[in-house]
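Have a look at the structure below, then the notes.
There are 2 protein chains.
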Amino acid sequence: MGGTSNRSVERAFKLVDELAENGSGGVSDLAERLDMPVSTVHDYLQALVETGYITVDEKTYQTTTRFLEVGHRQRHRLEVFKAVRDELEDVAAETGEHATLLIEEDDQAVILAVQEGPDAINLFAYPGARMPLHATAPGKAMLAYMPADRVDDIIDRQGLVAVTSRTITDPEVLFEQLESVRQQGYAIDEGERIAGMVCIAAPILDKSDQVRGSICVCGPQSRIDETRRNEIADVIQRAANVTQVNLDYV
Amino acid sequence: MGGTSNRSVERAFKLVDELAENGSGGVSDLAERLDMPVSTVHDYLQALVETGYITVDEKTYQTTTRFLEVGHRQRHRLEVFKAVRDELEDVAAETGEHATLLIEEDDQAVILAVQEGPDAINLFAYPGARMPLHATAPGKAMLAYMPADRVDDIIDRQGLVAVTSRTITDPEVLFEQLESVRQQGYAIDEGERIAGMVCIAAPILDKSDQVRGSICVCGPQSRIDETRRNEIADVIQRAANVTQVNLDYV
DNA sequence: AAAACCCATCCGGCAGAGCCGAAAGCTTTG
DNA sequence: CAAAGCTTTCGGCTCTGCCGGATGGGTTTT
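Okay, structure coming up:
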């Protein structure tokens, strides 16, 4: 752990994180929350406001819409996003459940887009939401198509942390499942991340068989029985295939 | 202009901006783009990666989905956003045009949400897009319900910059229009921001008559004649009223 | 296969920038 | 109107960000 990190950068983003996580606040309020000297926090907020990423109103600081903009632009640069867009809508319509697009980023699965019952009540599915790869259907779908040593590395770095009582924590079991994902063409998760929730996901591959993301459908266990699972699996696999074709045209 | 700004913070975000604006890049690539020493850029990127807002893949740096997440969270903390959501969808459906929700931030109008023809081809309407208040219907709708001295301040700081040949550049004319906005209850812009584009917008007020945002419908001039304008104005005013009621329940 | 080149990365000493205690302004509260 | 609680300013000491140069891996050129 070299710790080459630049202290100012670290602190600036600590402030951003705090504002993003727990909402707006005043100078001394934030100073206390982060256990920093008031004047220091003041200096940083000043600097951050000048960047345009933070704004003040009535001595209350908060994040600006610049984050939305940057996030949005990044998303548009990702080919998968463009390639999947229409498909995702279809999937949501055909299954009647939440359909999401995920990618892998820094050893985690991240939601890029959500379709149906937008970002409404669902606290777990919003753009930018991160989750462990091994504890979700889309994560497993992506792992299944990564080189084995890459998977080993991820397990090394992240561990197989249990999120619910059903999360896979044994590497053996994980590798077995990845094998069957490769055979079936889709992954499934039953309460491994959220109790009572079933997710079914298919990987999105490009023409050189690199994983680019995953399409996922989630719903309450009660609503998704054996036959519905097969239906859903069909729908998302078709969508993933179409996406793959689209990718080549982007 | 004291310039109290913290150099490290400034530089860190300059890098973020560059990556957001012109896409990913390597160390020396970015060093050149920003005219900074390579080793310095390397240090900053290192620090930024540690924050989780930037990621490296194959020596190529880019923004992460954290921006999406932060932007998303902010949006959810804004009451207007929640209050307007269903309405916006209805507006888009009823008018068949792009419907957007905007707020004021740092003397500018910013798009918070877009409905219909999602964030597709429309390069001008995406979440986070910023525009001058005086050159757009939603901007004028919001200005009309701000205290006069606030409007003066904004004109002082931002000026009435011409975006197209039809943009209002005369304060007198602007104030006249704001008056008629107050009488009609909605604002209109004909090619003042984008040539050939008509926008109609209604302000969203809370119970103490503070402006909280604006609902806007845009479309090509050719498609929106006199009668359609009135229809649209009715639809968005109704939506704005419902939103106002919703605001009290949030 | 050696040489030339282009990268990212490491190193380390110096200057200047970040740091924060203390004091000064502003509002709000009792 | 005093007191409390906030933001903001100030300024000198110290630490840290800075960047030229060295290192080394990787690729292309000769």
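Top to bottom, those sequences are chains A and B. Okay, so the first sequence: first residue is 1 according to the numbering used here, each after it adds one. Okay, so the second sequence: first residue is 251 according to the numbering used here, each after it adds one. Don't be surprised by glycine CBs; every beta carbon is placed ideally from N, CA and C. Bear in mind the structure is a predicted one, so any value in this text is a computation, not a measurement.
Closest to residue i by C-alpha separation, out of the options, would be which residue?
i: residue 228(A); options: 69(A), 56(A), 94(A); result: 94(A)
i: residue 204(A); options: 185(A), 151(A), 191(A), 148(A); result: 185(A)
i: residue 39(A); options: 28(A), 49(A), 199(A); result: 28(A)
i: residue 328(B); options: 76(A), 65(A), 82(A); result: 65(A)
i: residue 254(B); options: 42(A), 87(A), 22(A), 32(A); result: 42(A)
i: residue 221(A); options: 181(A), 159(A), 177(A), 97(A); result: 97(A)
i: residue 11(A); options: 37(A), 213(A), 195(A), 25(A); result: 37(A)
i: residue 142(A); options: 224(A), 110(A), 194(A), 218(A); result: 110(A)
i: residue 46(A); options: 154(A), 218(A), 61(A); result: 61(A)
i: residue 99(A); options: 249(A), 235(A), 245(A); result: 235(A)
i: residue 104(A); options: 194(A), 151(A), 22(A); result: 151(A)
i: residue 495(B); options: 333(B), 301(B), 274(B); result: 333(B)
i: residue 483(B); options: 419(B), 422(B), 452(B); result: 452(B)
i: residue 147(A); options: 170(A), 179(A), 161(A); result: 179(A)
i: residue 57(A); options: 34(A), 113(A), 25(A); result: 25(A)
i: residue 211(A); options: 231(A), 225(A), 224(A), 241(A); result: 241(A)
i: residue 423(B); options: 265(B), 384(B), 399(B); result: 384(B)
For the ligand SAH, I want to know if residue i counts as a neighbour, meaning its beta carbon is within less than 6 Å of at least one of the ligand's heavy atoms.
i: residue 315(B); result: As for the ligand SAH, it is missing from this structure, which has no ligand bound.
From the DSSP output, which residues share a beta bridge with residue i?
i: residue 439(B); result: 449(B)
i: residue 130(A); result: 110(A)
i: residue 62(A); result: 55(A)
i: residue 99(A); result: 115(A), 217(A)
i: residue 105(A); result: 108(A)
i: residue 275(B); result: 311(B)
i: residue 205(A); result: 211(A)
Looking at residue i: is its Cβ nearer than 7 Å to the Cβ of residue j?
i: residue 136(A); j: residue 189(A); result: yes
i: residue 270(B); j: residue 80(A); result: no
i: residue 55(A); j: residue 356(B); result: yes
i: residue 351(B); j: residue 469(B); result: no
i: residue 128(A); j: residue 322(B); result: yes
i: residue 456(B); j: residue 497(B); result: yes
i: residue 431(B); j: residue 394(B); result: yes
i: residue 239(A); j: residue 32(A); result: no
i: residue 22(A); j: residue 258(B); result: no
i: residue 450(B); j: residue 467(B); result: yes
i: residue 442(B); j: residue 416(B); result: yes
Give me the Cβ distance between residue i and residue j, rounded to the nearest whole Å; I'm assuming they're in contact under 8 Å.
i: residue 303(B); j: residue 317(B); result: 7 Å
i: residue 358(B); j: residue 382(B); result: 6 Å
i: residue 465(B); j: residue 341(B); result: 6 Å
i: residue 140(A); j: residue 177(A); result: 6 Å
i: residue 51(A); j: residue 263(B); result: 4 Å
i: residue 112(A); j: residue 85(A); result: Residue 112(A) to residue 85(A), Cβ: 10 Å. No contact.
What ranges does the beta strand (DSSP E) occupy inside the segment 127-169 of chain A, keeping only unbroken runs of at least 3 residues that lie completely in it? 130-132
Let me know the alpha helix (DSSP H) ranges lying completely inside the segment 315-340 of chain B, each 4 residues or longer, listed in chain order. 316-327
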